[in-house]
Amino acid sequence: SGDMPRIYDGAIYAAATIEQVPYVRVGEKRDGGCAEARYDIFGGEDHTSTARRLLVAHEESKFCSRWLCSPCHSHVVRVKHVGSRETLLTLERPGVECCCDRGECGAKPCLCCPAWTEACADSIIIHEGDVAGAAGYLPTDKYVGVVHEETSCGCAPTYEAVDNDSRIVGYLEGPSCFGG
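Residues 942 to 1121 (this note's numbering) make up the sequence shown, in order.
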């Protein structure tokens, strides 16, 4: 848009936008059935205050994979600035794909299994700005980092957040078995 300045560092802008408000919540909108998910990211003073919309996000995935392989399907989520609609981040989730969509079973055909091997481990790859392509096959020139599941017996899933310099910047451990 003409009155909005161009945002050059989408990852920093998105993080700073969320950090500026004490309370953030994500609302999912579905148009029914097997529609691509749309998310509004709101912020306010606390959970009771009137929240303002900070960012919007939209899932892009193939219909058959969304319908037959959900919640383990491959998808890309584009996180956009509310005013300018500029894509700040592209989130890539390689997963299972319906063979009728691509002719193969996707980048992570065993995703819904316990994370015994890398083929079974879940991940979200974070890219700066708008990156075109299908999940599991995006170019890496705008790579910012990744949140990936460590391989394990699956009893207490753990995730590491790793930046583009391969430094661990965060860690999350799940309470028990989960999937999808």
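Think of the CB as a built atom: it goes at the ideal place given N, C-alpha and C, for glycine as much as any other residue. Fair warning: this is a prediction, and the values are worked out from it, not measured in the lab.
By the DSSP assignment, the alpha helix (DSSP H) with residue i in it spans what residues?
| i | result |
| --- | --- |
| R1007 | F1004 to C1010 |
How long is the line joining the alpha carbons of residue i and residue j, rounded to whole angstroms?
| i | j | result |
| --- | --- | --- |
| K1083 | N1105 | 10 Å |
| V1087 | G1077 | 13 Å |
| H1089 | R1034 | 10 Å |
| G943 | V1023 | With a pLDDT of 40 at G943, under the threshold of 50, the modelled position of this residue cannot be trusted, and the question is left open. |
| G1115 | R993 | 30 Å |
| V1103 | A1062 | 15 Å |
| H1016 | A1075 | 7 Å |
| G1047 | L1113 | 26 Å |
| G1120 | C1054 | Model confidence at G1120 stands at a pLDDT of 49, short of 50, so the residue's coordinates are unreliable and nothing is read from them. |
| P1012 | T1099 | 19 Å |
| V997 | E1059 | 31 Å |
| C1010 | S1107 | 31 Å |
| V1072 | A976 | 22 Å |
| L1079 | G984 | 30 Å |
| A1097 | V1085 | 27 Å |
| G1111 | R1026 | 29 Å |
| C1040 | V1020 | 28 Å |
| R979 | S1064 | 20 Å |
| G1036 | K1049 | 4 Å |
| C1051 | I982 | 30 Å |
If residue i and residue j are in contact, beta carbons under 8 Å, what's the gap, nearest whole angstrom?
| i | j | result |
| --- | --- | --- |
| A1056 | S1006 | Contact doesn't hold; Cβ gap of about 20 Å is too wide. |
| E1038 | H999 | Contact doesn't hold; Cβ gap of about 19 Å is too wide. |
Looking at the secondary structure, which residues open and close the beta strand (DSSP E) in which residue i lies?
| i | result |
| --- | --- |
| A998 | R993 to E1001 |
| G1115 | Here G1115 belongs to no beta strand (DSSP E), and DSSP marks it neither H nor E. |
| request: Give, in chain order, every unbroken run of the beta strand (DSSP E) that is at least 3 residues long and sits entirely within the region 1013 to 1101. | output: 1016 to 1022, 1028 to 1034, 1064 to 1069 and 1084 to 1090
| Cβ pair count under 8 Å reaching 3, the region 1053 to 1071 against the region 1019 to 1031 | yes
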